[in-house]
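Here's the structure we're looking at; comments come further down.
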Amino acid sequence: MKEKPRSNLLLFGLFWIQITGISCLQTFDREPVSTEVNPGSDTKLDCKVLNKKGSCSWQKDNKPVGIYFKKYEWVNADETSGDCSLWIRSATLDFDDGEWECQITASDFTTQDALTSRPVRLIVRVEPQAPRIEYKASAVLPGHNVTVKAGEKASVKCVSRYGNPPAKLKWFLGDDEIVAKSNQSNSPEVDNRRTWSAVSIVEIAAEKAMNGRMLRCVALHESYPAKSMGVDVRLDVTYSPEVRLVGTPPNDVEEGRDHVVLKCITDSNPPASVIWRRVGKQEIASLEESLQFRPVFRRDSGTYTCQAQNSIGSSQPISVALDVKYAPDIESIRPDRVTTSQLFHPVTFTCAANGNPAPSYEWIQKIPTSLQGEFIEVIRSSESRLHIANITYEHQGEYFCRATNVINGNEKRKLSDGITLQVVGPPHIIRHVGGREIVVMRGEDALVRLVVCADPRPRNSTWLWGSVQVQPGSGVGKYQADDLNQDRREDCYEARLHISDVDIADSRNYYLSVENDRGYDKYGVHLAVRGSYQEPLAMATLLSIATGCLLVFLLCVLMAVYAIRSERCCFGRKCRGDFRPTDLESEKSDIDSTMGRKTPRIEASMMGNGPITIPGEAMYCSSPARRQHPQHTILAGSSPEAIKVRRAAMVLQAPTMV
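Here you go:
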């Protein structure tokens, strides 16, 4: 029983030794791959080994390669690292181009685990020659024709030589790649076996629609600066002439600036002759394929036709219209260069210009500014004719006619010579200068400014207000008038009146009166003086003022009530002190007369101790609902007794006289 576990342990040990022995054999972790490198550049061939025990080495074209400083170097000098990768410095075609293998010797002579990688190609690139096209064993120069009859097949060859690796060739007909109808073969060059010749042949079934299309061969190679290089030839399929027009200007054609080349592209074989004619003229415009205008002029405008002829027939003529645009030219302006007009008289300017497209017109007046040599342009009219019905001094100056058209989105302008307009007449004060009213705060200085125009110059000018007159260059108190100063406009002068420390009393109209040999003008400006404004009151201040006003109002009301009460008391005492019966009788008579009835009089003789007889109508009265009596006003000074008598209807007992 004890021997069985020992045997199992022995078997497990043998199995473990076998497994570990197998796992310790050398194997490739990474094998080299084919690589391309430019001449003079460095490249690396990868080779990594797991469980490396042997020594690394490389072969090129089945021959061992040694390790040389600055030529062939190990990537990792540590032999135990398992990295057998190799640096190839400054690669050249003659020494480095070929098939390379990475080899590792066996761990020992008994394991037989030596390794050899698959051969990989190291390609040292060589730029091939430019591709060329051959047809019928002859080279076709770039852009030249490959002639073939419609319905036939043309075998066209493209050759790219002395490249490493061989160039990849592609065919294009126009912009379309030809894939199925071409093939490529590569072979080493006879005089240099390390370079290659690439040949591709394409079979083209010629059709009429292919005539004139470009057949292009493109060679693809990493050594080309643009990675590719192409060559083009033109397919010339023979058939009766057809023509198409090329070169029609897409935009406006401007005279003296643009060049126009109209091409009549023929679609025919044998080659056709081209005839250009101008519609409406008998002579031939050109016998060339292209009709050129370098540059184009307005006389070249017209309709041109192109027609091709060969031994098979003639094409249908095609036409093109050439419309030459040109900037405006001023043909004439009226009136004369210098024109004099009376003030408030009419004047008319006319302008004629030629251009394509037809120009638009503007009449411009140039007005000088305060800066020397600078002007403001005022457009007086947008037509070829400018009519001013009422000439003023503002119209005096230099006028120009400007003709404008648009060519290709750009404005073309032509300015005529100037026409000088002189205005003569009486003075005229320009109304809109400075405004009709001047507003100044009290205490500030005011300036009243007016501009007057006159030709001849004003001989007299005066500032007027009230009964005051101030001549330019003089003053009165705080009023000072400046001399007339020349304005920026011709024959115009500026008059100024200064008023210092203005007050409310200075609010008035100030007039300027101007006179010359031809007449007189007067115009006034109103000066409005405003008072200074204080800062707005705070809310707390406003509330305090309102509260104070309310208290004062209540106090006044209380005093008024007290005064009324006091007056009544005094009135009662006064009446009781000096009242006389005759006054009572008099007042009662007044009341009775007002009511339209008689009241029994109380005689003075009856004022004894006996009872007083009161009439029945005095003791009883009608109900207010049945009978209404007019209201009566009790005048001031009536006695209380009179009031009692008026109310006697409400007394049930005769008063006792004392």
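Numbering (mature numbering (1 follows the signal peptide of the UniProt record, and there is no 0)), first residue to last: -24 to -1, 1 to 634.
In this text, a Cβ means the ideal position worked out from N, Cα and C, and glycines have one as well.
Remember, it's a predicted structure, so these values are computed and weren't measured experimentally.
Q: State the beta-bridge partners of M205 as determined by DSSP.
A: Within the sequence shown, residue 205 is the residue found at index 229, counting from 1. Paired residues: A195.
Original post:
Is A113 buried or exposed, if buried means 16 or more other CB atoms sit within 10 Å of its CB?
Top reply: For this step, residue 113 is matched to residue 137 along the sequence shown. The residue in question, A113, is exposed, as its Cβ has fewer than 16 Cβ neighbours within 10 Å.
- Query: How is Y200 classed by DSSP in three states: helix, strand or coil?
  - Reply: Sequence index remark: in the sequence shown, residue 200 carries index 224 (1-based). Three-state result, Y200: coil.
Beta-carbon within less than 7 Å of R137's beta-carbon, same chain only, minus the 5 sequence neighbours each way: which residues are those?
In the sequence shown, the residue the question calls residue 137 occupies position 161. So the qualifying residues of the chain are P104, Q105, E165 and S173.
Query raised in the report: Going by beta carbon distance, what residues of the same chain come within less than 8 Å of S17, once the five residues before and after it are set aside?
Result: To locate residue 17, count along the sequence shown from 1; it is residue 41. Cβ within range, chain order: S66 and A67.
Report task. Confirm, please, whether the CB-CB distance from R425 to I343 is below 8 Å. Result -> Taking the first residue of the sequence shown as 1, we reach residue 343 at position 367. Taking the first residue of the sequence shown as 1, we reach residue 425 at position 449. Not in contact: I343 and R425 (Cβ atoms no closer than 8 Å).
(message) Could you tell me the alpha carbon to alpha carbon distance between S211 and I177, rounded to whole angstroms?
(response) What you label residue 211 is simply residue 235 of the sequence shown in a count that begins at 1. What you label residue 177 is simply residue 201 of the sequence shown in a count that begins at 1. Residue identity check: residue 211 is Leu in the sequence provided, not Ser. One C-alpha to the other measures close to 15 Å.
* Going by alpha carbons, who is nearest to D493 out of R435, K239 and G419? -> To locate residue 493, count along the sequence shown from 1; it is residue 517. Looking at the Cα atoms, R435 is the closest of the given residues.
Next on the checklist: In chain order, what are the residue ranges of uninterrupted beta strand (DSSP E) at least 3 long that sit wholly in the region 24 to 57?
Outcome noted: 24 to 26, 32 to 36, 39 to 41 and 48 to 50
By the 10 Å Cβ neighbour count, where 16 or more other Cβ atoms means buried, how is K146 classified, buried or exposed?
In the sequence shown, the residue the question calls residue 146 occupies position 170. With 16 or more other Cβ atoms within 10 Å, it is buried.
Let me confirm a value: Q258 is counted as buried when at least 16 other C-beta atoms fall within 10 Å, else exposed. Which label applies? Reading the sequence shown from its first residue, position 282 is the one you call residue 258. Q258 comes out exposed.
Kindly identify the DSSP beta-bridge partner or partners of L145.
In the sequence shown, the residue the question calls residue 145 occupies position 169. According to DSSP, L145 bridges with A195.
Once DSSP output is grouped into helix, strand and coil, what is the label at H371?
Here residue 371 is taken as the residue at index 395 of the sequence shown, counted from 1. Helix, per DSSP.
Discussion item. So, for A195: in the same chain, excluding its five sequence neighbours on each side, which residues have a beta-carbon less than 6 Å away from its beta-carbon?
Written reply: Counting from one through the sequence shown, the residue named residue 195 turns up at place 219. Correct list, in chain order: P107, S136, A143, L145 and M205.
CA-CA distance, V229 and N386? The residue you call residue 229 lines up with position 253 of the sequence shown. The residue you call residue 386 lines up with position 410 of the sequence shown. Roughly 12 Å between the two C-alpha positions.
* Asked: So is R101 buried or exposed if we call it buried at 16+ other beta carbons inside 10 Å?
  -> Numbered from 1 along the sequence shown, position 125 holds the residue referred to as residue 101. So R101 ends up on the buried side.
Exercise for review: In angstroms with no decimal places, state the Cα-to-Cα distance between A539 and L527.
Suggested key: Working through the sequence shown from its first residue, we reach residue 539 at position 563. Working through the sequence shown from its first residue, we reach residue 527 at position 551. Cα-Cα distance, rounded: 18 Å.
- Message: Per the DSSP calculation, residue 635 is bridged to which residue(s)?
- Response: In this structure the chain extends from -24 to 634, so residue 635 is not present and cannot be described.
Original post:
Hey, would you say C78 sits closer than 8 Å to C(-1), going by beta carbons?
Top reply: By one-based count along the sequence shown, residue 78 stands at place 102. By one-based count along the sequence shown, residue -1 stands at place 24. Not a contact, by the Cβ cut-off of 8 Å.
Exercise. Given 8 Å as the limit, is there contact between the region 496 to 504 and the region 476 to 486, that is, 3 or more CB pairs closer than that?
Worked result: yes
Please work out which residues of its chain come closer than 8 Å, Cβ to Cβ, to G119, disregarding the five sequence neighbours upstream and downstream, and give them in chain order.
Counting from 1 along the sequence shown, the entry for residue 119 is found at position 143. Excluding positions up to five away in sequence, the list reads D208, V209 and R210.
#### Entry: Contact under 8 Å by Cβ, P15 with V96
Counting from 1 along the sequence shown, the entry for residue 15 is found at position 39. Counting from 1 along the sequence shown, the entry for residue 96 is found at position 120. The answer is no: Cβ separation not under 8 Å.
Check: How is the beta strand (DSSP E) around L69 delimited, first residue to last?
Finding: The residue you call residue 69 lines up with position 93 of the sequence shown. Element bounds for L69: not the beta strand (DSSP E) but the alpha helix (DSSP H), L69 to D72.
In terms of DSSP beta bridges, what is G451 paired with?
Here residue 451 refers to the residue found at position 475 of the sequence shown. According to DSSP, which records beta bridges pairwise, G451 is partnered with Q456.
Original post:
In this structure, does DSSP put R310 in helix, strand or coil?
Top reply: By 1-based counting over the sequence shown, the position of residue 310 is 334. Reduced to three states, the DSSP call for R310 is strand.
inquiry  = One question on the structure: do L397 and G373 come within less than 8 Å of each other, judged by their Cβ atoms?
reply    = Position 421 of the sequence shown holds residue 397. Position 397 of the sequence shown holds residue 373. Between L397 and G373, the gap from beta carbon to beta carbon is short of 8 Å.
Under 8 Å, with one C-beta from each stretch per pair, do the region 344 to 358 and the region 315 to 322 reach the 3-pair mark? Contact fails: fewer than three Cβ-Cβ distances are below 8 Å.
Own chain, CB closer than 8 Å to S287, minus 5 neighbours either side, in chain order: Within the sequence shown, residue 287 is the residue found at index 311, counting from 1. Contacts found: P246.
Could you tell me the alpha carbon to alpha carbon distance between Y337 and R378, rounded to whole angstroms?
By 1-based counting over the sequence shown, the position of residue 337 is 361. By 1-based counting over the sequence shown, the position of residue 378 is 402. C-alpha separation (whole angstroms): 6 Å.
Three-state secondary structure (DSSP) of C(-1):
Numbered from its first residue, the sequence shown carries residue -1 at position 24. Coil at C(-1), not helix or strand.
Proximity below 8 Å, CB of residue 668 to CB of R189: Here the chain has residues from -24 to 634 only, and residue 668 is not among them.
>> Measuring straight from C-alpha to C-alpha, what distance separates Q268 and H235?
In response: Counting from 1 along the sequence shown, the entry for residue 268 is found at position 292. Counting from 1 along the sequence shown, the entry for residue 235 is found at position 259. In this structure, the straight-line span from the alpha carbon of Q268 to that of H235 is close to 8 Å.
Grab me the residues of K36's own chain with a C-beta within less than 6 Å of its C-beta, minus the 5 sequence neighbours each way, in chain order. The residue you call residue 36 lines up with position 60 of the sequence shown. Same-chain partners within the cutoff: G74 and W76.
Exercise for the section: Give the single residue among V452, V122, N27 and W34 whose Cα lies nearest to the Cα of T87. Expected result: As a position in the sequence shown, residue 87 is number 111, starting the count at 1. Ranking the options by Cα distance to T87, first place goes to N27.
Among all the DSSP beta bridges, which residues are the ones paired with I540?
Counting from 1 along the sequence shown, the entry for residue 540 is found at position 564. BP columns for I540 are empty, so no partner.
- Item | Between the CA atoms of G507 and C525 - distance to the nearest angstrom | For the purposes of this step, residue 525 is taken as the residue at position 549 of the sequence shown. For the purposes of this step, residue 507 is taken as the residue at position 531 of the sequence shown. Those two C-alpha atoms are separated by around 27 Å.
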